[in-house]
Every structure is written in structure tokens, then in C-alpha cells.
Ligand SMILES: [Zn+2]
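Numbering (our numbering), first residue to last: 66 to 663.
Spelled out as C-alpha cells, the structure:
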């Protein structure tokens with residue numbers, strides 16, 4: 066059948082090629098118009114179907130060729146390799162095979178290049194490498210690039226293509242969302258331009274972090290872009306999605322992207338946006354220019370040096386780890402803790418808030434769409450100290466759970482939280498967040514109103530907030546929906562709470578195509594407080610008694626003492642130091658090591 070089709074196409078292909086002996090590997094089928102196409106023709110047409118205009122995915126290398134001036138792209142010499150934080154047996158092997166097969170070292174290529182003569186820092190993600198998923202190397206490379214853009218005072222361009230955070234690296238991948246977002250707050254504060262280009266597909270943790278944070282967000286025609294995948298949404302809402310849902314055109318209409326750009330216009334569009342941004346300080350640019358060039362060369366040369374310093378830091382970190390003694394008296398399995406964390410009897414955010422604080426008043430609304438009750442916000446006091454409190458709120462029974470959307474926030478919940486964070490800064494109040502969610506709600510309306518953007522924006526605001534933030538995981542801390550309010554100076558976890566990239570069921574389903582292996586996944590995911598302390602994702606464990614009722618007031622006392630103590634300690638810090646402390650905490654998550662050089 067395939068051969069027949071090929072023969073049929075062979076004659077029409079002759080228009081552009083004289084080759085007669087055509088091999089199977091030279092053909093591909095267009096998903097959209099189902100035509101069998103000669104690969105060379107597609108390649109010469111910017112990887113666009115000559116028949117129907119469908120966009121095929123473009124390799125990172127091709128994309129760099131497309132947008133930069135010839136021979137101007139200099140890749141950052143970052144010899145970093147991923148460690149295997151969850152110690153998954155086949156992961157290292159898989160990476161090695163992929164490298165061999167794709168001839169690319171990771172899911173992103175980063176460097177500097179000229180666009181019609183204008184210097185930029187450019188990161189291009191690669192779909193051929195685990196669907197552009199973000200693990201610690203991708204997070205590190207993107208963060209490094211953002212920091213280079215700041216150092217060199219250059220505009221930043223990130224071309225996104227990604228299925229989201231990388232499952233194989235678990236919570237370390239999740240934390241890369243906070244790390245990259247925090248770096249972008251620094252770029253923002255330097256007044257530098259960031260252009261994000263969304264290509265097919267851009268989903269999950271990438272949508273919910275740097276992809277949605279561009280000063281200008283561009284997208285390719287027909288690209289699929291969203292937070293939750295279409296299948297997950299359909300399963301959640303029990304109906305099929307409308308045509309064109311989550312396409313670039315849909316996002317343009319919903320107001321989440323600035324412009325859809327054809328590939329043939331991409332370089333010119335990027336050039337214009339950079340140029341428009343430059344006009345305001347033309348004079349200043351001219352003076353800096355020659356110095357900047359010197360600086361650029363210096364930086365490229367010093368990359369190797371920086372890397373060896375990082376390696377030493379890593380080794381020190383590992384050595385120090387041996388000194389961490391964990392007093393794990395209560396030997397529960399990870400799965401048992403998952404069950405405790407999810408128990409309907411477990412105390413909810415409001416119960417903690419009302420017990421920990423002397424006074425609390427809840428306030429409502431995002432001032433834009435509605436008051437989503439999956440997150441509660443308000444003002445609270447311990448003694449004379451004022452706090453802003455934000456908590457993910459589950460219900461205790463069916464009625465309450467419906468009202469609270471089972472503790473799964475919609476975008477307006479995060480936007481409400483952002484409003485309260487900004488107010489906290491204005492009135493110099495520390496922010497205390499309580500994390501307890503299965504994840505952000507994967508619904509149709511949630512996508513329409515920009516779930517990914519809301520999560521990204523919440524992390525962005527937290528990363529630059531000039532007051533102390535303490536995040537406390539009290540139950541289920543799952544996915545970007547939890548991390549959205551988790552960017553704290555200090556992150557505490559209750560002993561029987563969990564914190565992970567995804568639910569164990571979702572994890573098993575994605576990685577092994579079998580959600581019934583959730584129990585096994587839980588053991589591998591390193592989602593317990595003890596695992597996360599060891600991975601340095603959290604700062605402290607609050608112990609819990611096995612008796613929920615009896616232990617509750619003791620646990621609350623401990624949390625109250627921790628809050629008071631941390632705020633006391635932080636009272637010596639000025640605003641900038643508060644931001645830096647938080648930045649460094651997330652900057653250091655995600656280990657990396659140098660590839661052994663021969
Ligand atoms: Zn086509």
C-alpha cells in the first residue's frame with residue numbers, strides 16, 4: 066500500500082527532482098493532508114508541507130540557521146551532564162542512545178548569535194530529544210543563558226518546543242520551573258527584552274514557566290500550546306474538546322500571545338522587535354557596543370573555567386550531604402505517606418491557618434474574573450506580627466469539595482494569590498503559603514483563561530518579592546499547581562506530606578503506560594519529606610504524630626515556632642538580600658556534572 070502511494074508520488078515529485086531510484090527513507094507523510102511528500106522538498110520549504118502549508122517540527126540546528134546570520138551562532142561551551150536524581154536504571158542508557166541517534170547532547174541548544182547584525186542570546190529547544198522535556202540540564206542551560214543575557218546586556222530569545230517537565234528526573238525537573246522563572250525576574254529588572262517563540266508542541270511545565278513569560282510571545286501557525294494535555298482535559302471534564310482548542314490561533318484570540326508568525330517572516334520579525342526595543346536608548350547602545358564585544362569574547366573563553374568551579378561546588382555539596390543526619394524514626398513507606406497525605410481526615414489549610422495564627426481574616430477575589438475557592442487568601446497575626454497567608458484549600462466532604470474544586474486551583478486562584486503577594490510587599494508583610502493540591506485544574510475554562518501563564522506569573526512574582534516567603538507543604542504537593550505558590554525563602558514539609566512532579570498514578574501512566582503501578586512509582590519518585598530534604602529541595606521537616614487529632618496542635622505549635630524563628634533570622638536581611646537568598650535557593654536545585662573529557 067505504501068509502495069503504491071510512493072509510486073504515485075514519484076511522478077509528481079519529478080517536477081522538482083530528476084532522481085529515479087527513490088528510497089522509502091526519503092519520503093514522509095503529512096499528518097494534515099495525508100500526502101506523501103519528498104523529504105528534500107519539505108526541507109527546502111522550511112519544513113512546511115508544500116501541499117497544505119502544515120508546519121513540521123524543525124530541528125534546533127535548522128531553527129538556528131533560520132534565525133541567525135550565517136556563522137554567527139556561538140554555542141555556550143557548557144560541558145554539563147545530568148545526574149540521575151531518582152536513580153532510574155534505564156534513564157542514563159536512554160540518554161546515551163538518544164545522543165548517539167540525534168547527534169544532539171540535550172533538549173536545548175544555547176548560545177549567542179546575530180539577527181541581521183543584532184547580537185542576542187538564543188536558546189532553541191529540540192523536540193527529537195525526549196520531546197524537549199525539561200530536566201536539570203535544560204533548566205541549567207536556560208538559566209545560564211538568562212544570566213549571560215543579563216551579563217552581556219543582550220536580548221534573549223527562547224524557542225520553545227516541549228512536552229513539559231521531564232518525568233525521569235522527578236521533583237528536580239519540577240524545580241527547574243522555579244529556577245528558570247526566578248532568573249527571568251532578574252532579566253526583567255535589568256530592563257532587558259525577552260522574546261518567547263512557542264512552537265508545536267509547548268505544554269506542561271514549560272508553558273507554566275519561561276514559555277509564558279516573554280515580554281513578547283510569538284507562536285507558529287497551528288502549534289498546539291497549553292498547560293494540561295488534551296487527553297487529560299477530556300478525561301477530567303468527560304467531553305471532547307472543540308476544534309482548534311489549544312492552537313496558536315486559539316491562544317491569540319484568548320489574549321495569551323502577541324502574534325502568530327510565519328516561518329518565512331520569523332527572522333525579520335525577531336529583528337524588528339529587537340530593533341524597536343533598542344530605539345529608546347540608541348545613544349547608550351553605541352557607547353557600550355565595543356566594550357560589550359570584548360566582554361562577549363571574554364565570557365565565551367571563561368565558560369570552561371566557570372564549569373570547573375561548578376564541579377567543585379557540586380563535590381562540596383555531595384560531601385556535606387554525608388553530614389546530614391536524618392532522624393527518620395517513623396519508618397513508613399512512600400506509598401503509606403501518599404495515603405496519609407490524601408486522607409480525607411487530614412487537616413486542611415484553613416484548619417492549620419486558624420490554629421497557627423492568633424487572628425485571621427479571609428479576603429476574596431482576583432479583581433478580574435472571580436473568587437476561586439481552591440485557594441484562600443487573607444491577613445493573619447502572630448502576636449504583633451502581620452502576615453499575608455495563602456493556602457490551597459481542599460474540602461472535608463463532597464459539598465465542600467465541589468465548592469473548593471477538590472483543591473485544584475483555576476487560573477483565577479493563582480491571580481488572587483498574586484494580588485495578595487503584591488499587597489504583602491506594599492505593606493511589608495511576610496507571606497506564608499500552605500501547599501495542598503493534586504495539581505492545577507486541567508479544565509477547558511482553565512486553559513482558556515491561561516492556566517500555564519497564571520502558574521508562571523505566580524512563580525515570577527514570588528521570585529522577585531521583597532518580603533520573606535515561607536512555603537509549607539501540608540498535604541499533597543503535586544506538580545506546577547503546588548510549586549506555583551511554593552517559591553519560598555524557606556520550604557517546610559510536614560512529615561507525612563508529599564511533594565512531586567505529578568501524582569504517582571499520573572507518573573506511572575506516563576512513564577510505564579500503567580497507572581496501576583502507582584505504588585511502585587511512589588517508592589521511586591522521591592516524594593517524601595525525607596527524600597526531599599536529602600535532595601535539598603526543602604529546608605526542614607515538621608514532625609507529625611501518628612494520632613491526627615492529638616498531634617495536630619503539636620504540629621501547629623511547631624509550625625508557629627518555625628515561622629517566628631525564620632522571620633526573626635531574616636529580620637537582619639535587607640530587601641535585596643531577601644530576594645537573593647530565595648534566588649540562590651532555587652538556583653542551586655538541579656545537580657549537574659561535567660562530562661568526562663577524554
Ligand atoms: Zn500537508
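Every residue, glycine too, gets a C-beta built ideally from N, C-alpha and C.
Query raised in the report: ligand 1 heavy atoms versus the CB of residue 97: any closer than 6 Å?
Result: yes
Query raised in the report: Should residue 519 go down as buried or exposed, given a rule of 16 or more other Cβ atoms within 10 Å for buried?
Result: buried
Requested in this report: Please look up how many angstroms separate the CB atoms of residue 445 and residue 500, rounded, as I've assumed it's under 8 Å.
Outcome: Incorrect: roughly 17 Å between the Cβ atoms, too far for contact.
**Report entry** Through-space distance from residue 621 to residue 615, alpha-carbon basis
**Finding:** 11 Å
Query raised in the report: What's the gap between the Cα of residue 375 and the Cα of residue 241?
Result: With a pLDDT of only 45 at residue 375, under the threshold of 50, the placement of this residue in the model should not be trusted, and no figure is reported.
Query raised in the report: With DSSP run on the structure shown, which of helix, strand or coil describes residue 574?
Result: helix
Query - C-beta contact flag for residue 137 and residue 206 at 7 Å - result: no
Query raised in the report: What is the rounded straight-line gap between the Cα of residue 153 and the Cα of residue 168?
Result: 23 Å
Query raised in the report: Relative to the C-alpha of residue 479, which residue among 246, 463, 524 is closest?
Result: 524
Query raised in the report: Which residue spans inside the region 528-578 form an unbroken alpha helix (DSSP H) run of at least 4?
Result: 544-548, 569-577
Query raised in the report: Is residue 106 near ligand 1, in the sense that its beta carbon is under 6 Å from a heavy atom of that ligand?
Result: no
Query raised in the report: Exposed or buried, which one is residue 233 when buried takes at least 16 other CB atoms within 10 Å?
Result: buried
Report task. For residue 379, name the three-state secondary structure that DSSP assigns. Result -> Low local confidence applies: a pLDDT of 40 at residue 379 is under 50, so the model's placement there is unreliable, with the coordinate-based value given in what follows. Helix.
Query raised in the report: Are residue 469 and residue 481 touching if we call contact CB-CB under 7 Å?
Result: no
Query raised in the report: Per DSSP, what kind of secondary structure is residue 203 in: helix, strand or coil?
Result: helix
**Report entry** Check whether residue 554 and residue 647 have beta carbons under 7 Å apart
**Finding:** yes
Query raised in the report: Which of helix, strand or coil does DSSP assign to residue 648?
Result: helix
Query raised in the report: Can at least three beta-carbon pairs, one atom from the region 191-200 and one from the region 249-260, be found at a separation below 8 Å?
Result: no
Query raised in the report: Hey, does residue 275 have any beta-carbon neighbour from chain D nearer than 7 Å?
Result: In the displayed structure, chain D is absent; only one protein chain is listed.
Requested in this report: List in chain order: all unbroken alpha helix (DSSP H) runs of 4+ residues lying wholly within the region 402-466.
Outcome: 414-421
Report task. Please report the Cβ distance between residue 558 and residue 594, rounded to the nearest whole angstrom; I am assuming they are in contact, meaning their Cβ atoms lie under 8 Å. Result -> 4 Å
Query - Pick from 201, 643, 577 that is closest to residue 664, judged by C-alpha positions - result: Residue 664 lies beyond the range of the chain shown here (66 to 663); nothing can be said about it.
Query raised in the report: Which residue's Cα is closest to the Cα of residue 425: 284, 253, 442?
Result: 442
Query raised in the report: Grouping DSSP H, G and I as helix and E and B as strand, with all else coil, what is residue 255?
Result: coil
Query raised in the report: Ends of the beta strand (DSSP E) at residue 227?
Result: 221-227
Query - Three-pair Cβ contact test at 8 Å for the region 526-542 versus the region 630-650 - result: yes
Query raised in the report: To which residues of the same chain is residue 419 closer than 7 Å at the C-beta, ignoring the five residues directly before and after it?
Result: 425
Query raised in the report: If you scan the region 285-343 from start to end, which runs of the alpha helix (DSSP H) of 4 or more residues do you find wholly inside it?
Result: 295-302, 313-319, 328-343
Query raised in the report: Anyone know if the C-beta pair for residue 281 and residue 323 falls short of 7 Å?
Result: yes
Query raised in the report: Is the distance from the Cβ of residue 475 to the Cβ of residue 431 below 7 Å?
Result: no
Query raised in the report: For ligand 1, any of its heavy atoms closer than 6 Å to the Cβ of residue 285?
Result: no
Query - Contact test: residue 188 Cβ vs ligand 1 heavy atom, cutoff 6 Å - result: no
Query - Unbroken alpha helix (DSSP H) run spanning residue 271, endpoints - result: 269-272
Query raised in the report: By how many angstroms is the C-alpha of residue 454 removed from the C-alpha of residue 37?
Result: Absent from the structure is residue 37, since the part of the chain shown begins at 66 and ends at 663.
Requested in this report: Tell me whether residue 327 counts as near ligand 1, meaning its Cβ is closer than 6 Å to at least one heavy atom of that ligand.
Outcome: no
Query raised in the report: First and last residue of the alpha helix (DSSP H) that includes residue 190?
Result: Per DSSP, residue 190 belongs to no alpha helix (DSSP H); it is in the beta strand (DSSP E), 183-190.
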